[in-house]
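Undergrad: When we follow the UniProt record's numbering, the leftmost residue of the sequence shown carries the number 1, and every step to the right adds one.
All C-beta atoms in this analysis are idealised placements derived from N, C-alpha and C, irrespective of residue type, glycine included.
This is the structure I want to talk about, given as C-alpha cells.
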Amino acid sequence: MLLLRRMLTRLHTPHIELLRAPLFTRKFFFIFSAAKHIAVNYLFPMAVSLGNVRPCVLTSFHHKPTPRVCRSNLRFSKNNRLRLLLTKFSPSSKRCCHFHPLKSSSINGFSVQNDSLEHFDGEVNVDFNEKIRRWIRFIQSILPGGSWWSFDDDVEVKIMAKPVTLWRALGKMWDLVSKDRWIIFAAFSALIIAALSEIFIPHFLTASIFTAQSSEIAVFHRNVRLLILLCVTSGICSGLRGCCFGIANMILVKRMRETLYSALLLQDISFFDSETVGDLTSRLGSDCQQVSRVIGNDLNLILRNVLQGTGALIYLIVLSWPLGLCTLMICSALAGLMLIYGLYQKKAAKLVQEITASANEVAQETFSLMRTVRVYGTEKQEVKRYKHWLGKLADINLRQSAAYGFWNLCFNMLYHSTQVIAVLIGGMFIMRGNITAEQLTKFILYSEWLIYSTWWVGDNLSSLMQSVGASEKVFQLMDLMPSDQFMSKGKKLQRLMGRIDFVDVSFRYSSREMVPVLQHVNISVNPGEVVAIAGLSGSGKSTLVNLLLRLYEPTNGQILIDGFPIKEVDIKWLRGRIGFVGQEPKLFRMDISSNISYGCTQDIKQQDIEWAAKQAYAHDFIMSLPSGYETLVDDDLLSGGQKQRIAIARAILRDPTILILDEATSALDAESEHNIKGVLRAVRSDTMTRRTVLVIAHRLSTIQAADRIVVMDGGQIVEMGSHKELLRNEGLYARLTRRQADAVA
C-alpha cells in the first residue's frame, strides 16, 4: 500500500477522479503504474549498469551513420572507438579505412556507454514509451532477419573480379584434380557401395528383431547373415572411400598452392606495389588450408547423405505414402533453412578470411620491423593494432555461432516433430489395422535417418559454402592474367652489343598518376661506355634502371636495345645478360655460394664463385665465417656492406654485357669503396668483354672516371658531360660536388 501511495503522488490524474473510476479501471491503472515504477526505477537502471560492461563482441549493435573517410594515423582509446569498413581504394588498391563513430556498446540506438551519473539521470528522464520502443527495436534486431545479423556495418570487401559461385568453385577444383581423376572415381564408387549397403541395414535389423520374436528361426538366420554382409561391406567401402577422398584432398591443396604461387610470380611489379606481403601469404596459407576439407570432408559427407536420404525417402513412401509425405514436408522446410544458413556462412567466411589477412599484415609488418618497434618502445601500440582486428574477428564469429545455434534449434524442433507425427499417425494406423508394428518401427528408423541425412547435408553444405567463401580471393588471384612480358616471346639477338637508347621516355606510377616521375628523357649509351647518372634524391635515377629492366613500362616513349624496341626483345634472354646491383641488396636464406650463383644460367664451379667474390672484395670476410662459402645466411645476419659485396659478386659472376650499379657503394666503407672503384676501372679497361656500365651514385667521387655523367633533377636531364666539363659549367653537378667536399672537410 505504501508503494501504491507513493505512485499516486506522482500521477497527473487527481486522486478523487481515480477513486470515482470503475473498479476494473482502477485495478488496471494500479497494475500499469506499478509496472512503470518498477521498470523505470529498478529494471532500467539495472540494464544500464550491466551495459557498462562493454565486451568487444557487442560493437556491432548500432545504426548505420554516414561514414567518414579517414586517412590520418589511427589512434584508439577507451572513450573513442571507431568502426572500420574495410575496402579496396582505387587506384593504388591499398586498404582504405572508412570509420563510423561508435556509440560504445550501443544496441540499435539504445546506448549503454553511461560512464557518468549525469548521463544516467538523463536516460531515466527519457519518456517511458521511448524506452519501450528501444527495447522492441533491440528484440527485433536479434530475431532472424534482424539488422544485427547483417555484416554490412562491419566489413565490406569490394573485389572487382567476377564473384565465385559454388558451381564455379567446384569446377575450378575439378580442373586442379582432373589429372588424377582415377582416385576421384574410386572414391565415388566406394561411396555409392557403402551408402547403398547402409540404407538396407535398418530394414534387416528390424526384420531380424521381429522374426526372432515370432520364432521364425530360418528367416532370422537369413536376415542376420545379410545384416553381417551389409555391415562388413559398408565398413570396407567406407574406409576405402575415406582414404581416396583424403588423397584427392591432398592433391587439391597442393596444386592449388602451386597454381596460386605461380600466378602471383608472373604478375607485374606494380601488382606487388599494391598488395601487401601479409595478405598474399595469408592467401597461400590459411585460405588454401580452408579449402583442404572440401573434398575429403564436405563433398564426401554431402554425397553420402544425399544418397542415403534419397533411399530412405523412397523406402518411406513405399512403406506408407501419407507418413512419407509428412516427413518430406518437414525435410523441405529443413532444406530451406539449410540454404539460407549456408549462404550466410559463405559471406561470413569471406569476411573472416579478409580480416584474418589484415591481422596477418599487422603481425608480418611488426615482426619485420621488430628492431624499430623495440627501439621506440611501441609494443603496446602494436598489440592494440593486432587486438583491433581480433575484435572484428570475434564479432563475426559471435554471429556465426549464433547462426549455428539457431540452425540446431530448428533442426531439433523439426526432428522431434517428425517423431511425434510418426508415433501419432502411425499409432492411429496400427489401431485401424492399416500397418503393423514392424512397419511403424521401420518407418520411425528411416524417418530419423532421413532427418539426420538432411541435417548432415545442411551442416556440411554450410561448411562447403564457408570454404567457397574463403577460396573466393584465391580463385580470383589464380585467374589473373600473367604479365605481358611472359605472354609474348620476343626475339633473341644473335649478339648483344650493349647499346641503350632512351627515346623521349616519360613515366608515372599508376598509384600516383598526377605526379610525373620522368619527363621526356633522351639518353644514348654506346657499347662499352661507362655512363653515370647523378642527381638529388627523387630525381628519377633509379626509375630509369627499373624501366631498363622492364620492371615497369614507360608511360610514353620507348627504350631501344641495339636499335630494337625493348618490348620486342625476349625479356628473359635480355635479363640473363644484365648484371644488376641494387640500393638495398637482399639475400635468400641459403648458403653464400648459392646466393652468389643465384640466377646464373651458366655452368658454374666453385672456383668461379670464389673468383667473383675476390673481384668484389668479399672473399676475405666470407672465409672468416665458420663454414666459409657454405655458411647459411639470410637478410639479417650480415652487414649492409657485406650484403652489397655479395650482390656485386653475383653480378660479376654472370659475366654480363650490361652492368647496372644502383648505389652499389652506398653501404661500403672507404677501403671497400676504393676497392670497388678498382673493379670499375678493371671493367672499363677490359677490352675482351667491353661491358656497357650504367652507374647511379650519390657519392660523386665514385663516378668521376665515367665517360659521361648525366645529371637529373625533377625527372628531367639538366646537364650532361664529363666530370671536368660539368665542373666548368657551374651547374647542379658542381654545386653537389662542392657540398660533398665541404661535408667531408
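(1) Can you list, in chain order, the residues of its chain whose CB lies under 8 Å from that of Val-306, leaving out five sequence neighbours each side?
(2) Beta carbon of Phe-502, beta carbon of Ile-523: below 8 Å?
(3) Look at Ile-578 and Pro-656 and say whether their C-beta atoms are less than 8 Å apart.
(4) Can you give me the start and stop residues for the alpha helix (DSSP H) that Leu-252 sits inside?
(5) From His-619 to Asp-298, what distance separates their C-alpha atoms?
(6) Which value, in whole angstroms, describes the spacing of the CA atoms of Ala-349 and Ile-500?
(7) So, using beta-carbon positions, are Gln-439 and Leu-319 closer together than 8 Å?
(8) Throw me the rounded Cβ distance for the Leu-343 and Ala-422 pair, which I believe falls under 8 Å.
(9) If we define contact as Cβ-Cβ less than 8 Å, is Ile-236 a contact residue for chain C?
(10) Report buried or exposed for Arg-181, applying the criterion of at least 16 other Cβ atoms within 10 angstroms of its Cβ.
(11) With respect to the alpha helix (DSSP H) encompassing Thr-206, which residues constitute its N-terminal and C-terminal limits?
(12) Which residues share a DSSP beta bridge with Ala-534?
(13) With distances taken Cα to Cα, identify the nearest neighbour of Lys-417 among Gln-602, Arg-257, Ser-447.
(14) Would you report the Cα separation of Gly-498 and Ile-658, rounded to the nearest angstrom?
(15) What span of residues does the alpha helix (DSSP H) with Asp-459 cover, start to end?
(16) Taking Leu-414 and Leu-334 to be in contact with their CB atoms under 8 Å, please state how far apart those CB atoms are, rounded to whole angstroms.
(17) Going by Cα to Cα distance, which pick from Gly-599, Ile-648, Lys-605 is closest to Gln-615?
(18) Is the beta carbon of Thr-543 closer than 8 Å to that of Tyr-517?
(19) Classify Arg-738 as helix, strand or coil using the three-state DSSP reduction.
(20) What number of angstroms, rounded off, separates the C-alpha of Arg-133 from the C-alpha of Ala-169?
(21) Rounded to whole angstroms, what's the CA-CA distance from Ser-539 to Gly-715? Just pull it up for me.
(22) Taking the Cβ atom as the reference point for each residue, do Val-515 and Asp-707 lie within a distance shorter than 8 Å?
(23) Would you tell me roughly how many angstroms separate the C-alpha atoms of Val-718 and Leu-727, rounded to the nearest one?
(24) Mind checking Leu-632: buried by the 16 CB within 10 Å criterion, or exposed?
(25) Locate the alpha helix (DSSP H) running through Asp-484, then write down its first and last residues.
(26) Between Met-478, Asn-556, Lys-489, Met-481, which lies nearest to Asp-504 when the distance is taken from Cα to Cα?
(27) Kindly confirm or deny that the region 251 to 258 and the region 207 to 217 touch, where touching means at least three C-beta pairs closer than 8 Å.
(28) Kindly indicate which three-state DSSP category Phe-367 falls into: helix, strand or coil?
(29) Taking Cβ to Cβ, would you say Leu-477 is nearer than 8 Å to Leu-260?
(30) Measure from the alpha carbon of Glu-584 to the alpha carbon of each residue in Ile-646, Ser-234, Ser-178, then state which is nearest.
(31) Could you give the distance in angstroms between the alpha-carbon of Ile-199 and the alpha-carbon of Leu-284?
(32) How far does the alpha helix (DSSP H) with Phe-621 in it extend, from its first residue to its last?
(33) Report yes or no: do three or more beta-carbon pairs, one from the region 231 to 248 and one from the region 287 to 301, lie closer than 8 Å?
(34) If you follow the beta strand (DSSP E) that Met-720 is in, where does it begin and where does it stop?
(35) What do you get for Glu-354, buried or exposed, if any count of 16 or more other CB atoms within 10 angstroms of its CB means buried?
(36) Since Val-383 is in the alpha helix (DSSP H), which residue starts that stretch and which ends it?
TA: Looking at the atomic coordinates:
(1) Ser-453, Val-457
(2) yes
(3) yes
(4) 217 to 265
(5) 57 Å
(6) 52 Å
(7) yes
(8) That pair is no contact at about 31 Å.
(9) No chain C is present in this structure, which holds just one protein chain.
(10) exposed
(11) 201 to 213
(12) Val-711
(13) Here residue 417 turns out to be Ser, not Lys, going by the sequence shown. Closest by alpha carbon: Ser-447.
(14) 6 Å
(15) 437 to 478
(16) 5 Å
(17) Ile-648
(18) For clarity, residue 517 is Val in the given sequence; the question names Tyr instead. In this structure, Thr-543 lies closer than 8 Å to Val-517 by Cβ.
(19) helix
(20) 45 Å
(21) 5 Å
(22) no
(23) 14 Å
(24) exposed
(25) 484 to 487
(26) Asn-556
(27) no
(28) helix
(29) yes
(30) Ile-646
(31) 41 Å
(32) 619 to 623
(33) yes
(34) 716 to 721
(35) buried
(36) 379 to 432
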